Amino acid sequence: MLKKSWVNLLLLFLPLAGGVIAFILVNTFSQSLPPFMVTADFGVFGFVFGMTIRNLGVIPLLLGLFITGLLLIFYNRSLRRQEQTQMLVEDAKREAEQGRRRFLRRLDHEIKNPLTGLRAALVNMEEAQADTDRQRAVGNAGHAVERLTRLLTDLRKLSDLGERPIELWQVDVPDLLQDVVDAAHVLPAYKGREVNLLIPKVPSPFPMITGDRDLLVLAVYNLVENALKFTSSNDSVEIRVAEDGRAILIEVADSGAGIPVEDVSKIFEELYRGSNARSTEGSGLGLALVHRIIGLHDGQIHVRSSQEEPRGTVFTIRLPVTKKGFVLRPSN
Amino acid sequence: MSSNRSTLLLADDDPTIADSLAPFLERAGFHVLVVSDGVSAFEKAQAHHPELIILDVLMPRMDGRETLRRLRKAKIWTPTILLTQVGEASERALALEEGADDYLNKPFDPHELLARIRAVLRRVRPGERSLSAAWLLTADNLSLDRRARRATLAGETVELTPKALAVLEYLMTHPDEAVTRERLLEAVWGWEYPAGTRTVDTRMAELRRALDDDPADPRFIETIPGEGYRFIAPVHGEG
């Protein structure tokens, strides 16, 4: 691809310059051919043809003109393409910069709340007279530290996911989902509730997928944890799995209040908190982690949600099934 | 009074951490020397012969990894805990070259550090090179080549996932020590998992199957109910 420069532009005119020089040389050193009557009756082409016949020097001149013309067209297109690429790169840079600023703004918000709580707790620890007040301050400080630790852990997970290779092994999805349900039992939001796990009996055995089992458990668990957190005890939470021969579909569905329309497209962004999630505890990185994990497995994740009847939210994960003849191996 | 107590050398350039950890460790019965950079840590380790060294990684003048490498080069085998993460395979290979006896990732609970210190002091024989620095570990007819990332049982290669191999490696470098599931998660997986304990148990089942180790009558890995696991066969290190 040609770059925009005066040197390049001058080079483009070289063929024309060569043609002009050849024309001059022919005219200087050769005798003109006998006159030949071709008139403008035949239009421009007749004139050019006549000129050519009368003076052979016109041939390199026209050739030079033609080549220079072609080169100018190519040069112009090349410059335009470069400008478009440059614009795309700048747009991407601007977007990345905006994303970075947005991330820092959100991070600032996520840190300042527990830190403020921690500072207040320290003051209370210092000034409180009664033991019960001091104990409460210690408890609050511990809680703030836990929140900060969780944020840091999730940030580290996100950063690790981009750096370390994932393990690729055969994963039994129904077994994995059972593990998720068992693990969810410890969640405070699980208390007094049930998570329905629906696994089809046919085909049997259920097709395997290829992936990092631990990461996939984390992804589905995060969805289940969200479903439990953002719904009340009267709502249902369901995990279901299906297959279509090429992929396995895992759905985590709830009959909760639903996600506001303006939030749906942003919920997978790092540290994004939807309008109904601001008062709920969490690092704000759970869904970003899910998105990253599913991406690393060549899968897709979609969400559909409605705040009107029939209300609820459904996250759908699509993961390719293991191809026949797959050999167990780590990804690196 | 301090002569009866084990001496620890704590090297961390963050005064908030050093000032809080030192009194905590003193209360736990240790005599604590505090330094804030790698060069001072190296000098103090040579001059005072502490029983254990706790090294932060990012420090001025000389970082923790370099300090440890120099200590080992000078044949100073004082057990050392490095305050960093050692989850990844590449990190583990690096850790081997460093020869740290254990790792703890910030932020950590001071009680966890105390547990690590006690476990390392129990495990390591003073003046001897620890198993953490050995390339080849053998226990009965099981051997683990840490460089080649391969385990063999009675000369036959054992087919293991990388995670299960890392679990085996951790257990073999911490023989006769009760290792909790949480500790395994942190050391092998690098970060906690929601289905954490189950995750560990799944890998442990895989490991036992591969090693043909009966949980009811174990040769290698014993389950400690409500606590975790213990590698019971005596381990020898080479290289």
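Just so you know, the sequences run in chain order A and B. The numbering of the first sequence is this note's numbering, which starts it at 976 and goes up by one. The numbering of the second sequence is this note's numbering, which starts it at 4 and goes up by one. By construction, the Cβ of each residue, glycine as well, lies at the ideal position given by its N, Cα and C atoms. Small disclaimer: the values here were computed from a predicted structure and weren't measured.
Query, Result
"DSSP three-state assignment for A/A1217, whether helix, strand or coil", "strand"
"Selected residue, minimal CA-CA separation from A/E1142, among A/D1187, A/A1103, A/R1125", "A/D1187"
"Outcome for A/M1062 when other beta-carbon atoms lying within 10 angstroms are tallied against a minimum of 16", "exposed"
"Collapsed DSSP secondary structure at B/F234 in the structure displayed", "strand"
"Residues bridged to B/H34 [DSSP beta-bridge criterion]", "B/T10"
"Contained alpha helix (DSSP H) runs [length at least 4] in the region 165-195 of chain B, N- to C-terminal order", "165-176, 184-187"
"DSSP-derived helix/strand/coil call for B/R149", "coil"
"B/L58, enclosing beta strand (DSSP E) - first and last residue", "55-59"
"For B/E159: DSSP bridge partner residues", "B/L156"
"Cβ-Cβ distance between A/R1286 and A/G1233 below 8 Å", "yes"
"Local Cβ density within 10 Å of A/T1107, reported as buried at 16 or more and exposed below that", "exposed"
"Close-in-space but distant-in-sequence residues of the same chain around A/L1152 (CB under 8 Å, 5 per side omitted)", "L1172, I1174, V1195, I1214, V1216, I1225"
"The alpha helix (DSSP H) enclosing A/W981, as first and last residue numbers", "981-987"
"Assigned exposure category for A/N1323 - 16 Cβ within 10 Å defines buried", "Nothing about residue 1323 of chain A can be read from this structure; chain A reaches only from 976 to 1307."
"Short Cβ contact (8 Å threshold) for B/A122 with B/E180", "yes"
"Straight-line Cα distance separating B/F234 from B/T226", "9 Å"
"From B/T164, B/R75, B/G231, residue whose alpha carbon lies closest to that of B/R212", "B/T164"
"DSSP-derived helix/strand/coil call for A/N1088", "helix"
"Chain B within 8 Å of A/V1265, Cβ atoms only", "no"
"6 Å Cβ shell around A/F1272 - same chain, five flanking residues per side excluded", "According to the sequence shown, residue 1272 of chain A is His rather than Phe. Within the same chain, A/H1272 has close Cβ partners G1186, L1294."
"Contacts that B/E195 makes with chain A (C-beta to C-beta distance below 8 Å)", "T1128"
"Segment contact flag, the region 144-156 of chain B with the region 21-41 of chain B, C-beta cutoff 8 Å, min 3 pairs", "no"
"Neighbour-count burial assignment, B/D112, 16 or more Cβ in a 10 Å radius", "exposed"
"From B/R206, B/A50, B/T87, B/R153, residue whose alpha carbon lies closest to that of A/W1144", "B/R206"
"Residues that A/R1094 contacts on chain B, provided the C-beta gap is smaller than 7 Å", "Per Cβ cutoff of 7 Å: no residues; A/R1094 is ~14 Å from chain B at best."
"Listed by chain order, chain B residues near A/D1189 by CB distance under 7 Å", "W192, Y196, T202"
"Distance, A/M1183 Cα to B/E230 Cα", "33 Å"
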